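So the sequence shown is numbered by my numbering: it starts at 248 and just counts up by one.
Here's the structure we're looking at; comments come further down.
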Amino acid sequence: MFIGMILWMGYYFYFRTDGQGRVTREADSPEAAARGQQTLRRADALINQRQYEPAKALLDSLRDADLNPAFFVSTEDLQQRFDTLRVRSYREKQVQ
248 MFIGMILWMG
258 YYFYFRTDGQ
268 GRVTREADSP
278 EAAARGQQTL
288 RRADALINQR
298 QYEPAKALLD
308 SLRDADLNPA
318 FFVSTEDLQQ
328 RFDTLRVRSY
338 REKQVQ
């Protein structure tokens with residue numbers, strides 16, 4: 248039983264995580280992925296227009312997007328947008 252548990256943990260870690268312990272998720276349907284990408288493009292547009300507060304509010308609303316099966320945003324994409332928002336807003340504050 249112990250060996251079976253070790254094998255299962257190895258399988259789960261190798262095939263179901265990104266190598267750093269974070270579980271990878273996939274969209275339930277292509278439509279859900281398309282809706283998520285559309286919303287991320289809207290957040291990118293807000294960031295590029297230097298509207299940081301609305302972009303932050305939009306990204307914050309996506310944190311629980313995985314609760315809706317008709318909507319999918321990967322954790323990596325969301326984290327990347329938050330990092331971009333944080334860096335650009337910090338640079339903007341430093342310039343002022």
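Heads up, the beta-carbon is just placed ideally off N, CA and C, and yes, glycines get one too.
If you're wondering where the values come from, they're calculated on a predicted model, not measured in any experiment.
Tell me where the alpha helix (DSSP H) around residue i begins and ends.
i: proline 301; result: 299-308
i: glutamate 339; result: 322-342
Do residue j and residue i have their beta-carbon atoms positioned less than 8 Å apart in this structure?
i: alanine 304; j: arginine 282; result: no
i: threonine 331; j: leucine 309; result: no
i: arginine 335; j: isoleucine 294; result: yes
i: alanine 302; j: alanine 312; result: no
i: glutamate 339; j: arginine 288; result: no
What's the C-alpha gap between residue i and residue j?
i: phenylalanine 329; j: leucine 306; result: 7 Å
i: phenylalanine 319; j: glutamine 343; result: 37 Å
i: methionine 256; j: aspartate 324; result: 26 Å
i: threonine 264; j: isoleucine 253; result: 16 Å
i: phenylalanine 249; j: tyrosine 259; result: 15 Å
Reducing DSSP to helix, strand and coil, say where residue i ends up.
i: asparagine 315; result: coil
i: methionine 248; result: coil
i: aspartate 291; result: helix
i: glutamine 285; result: helix
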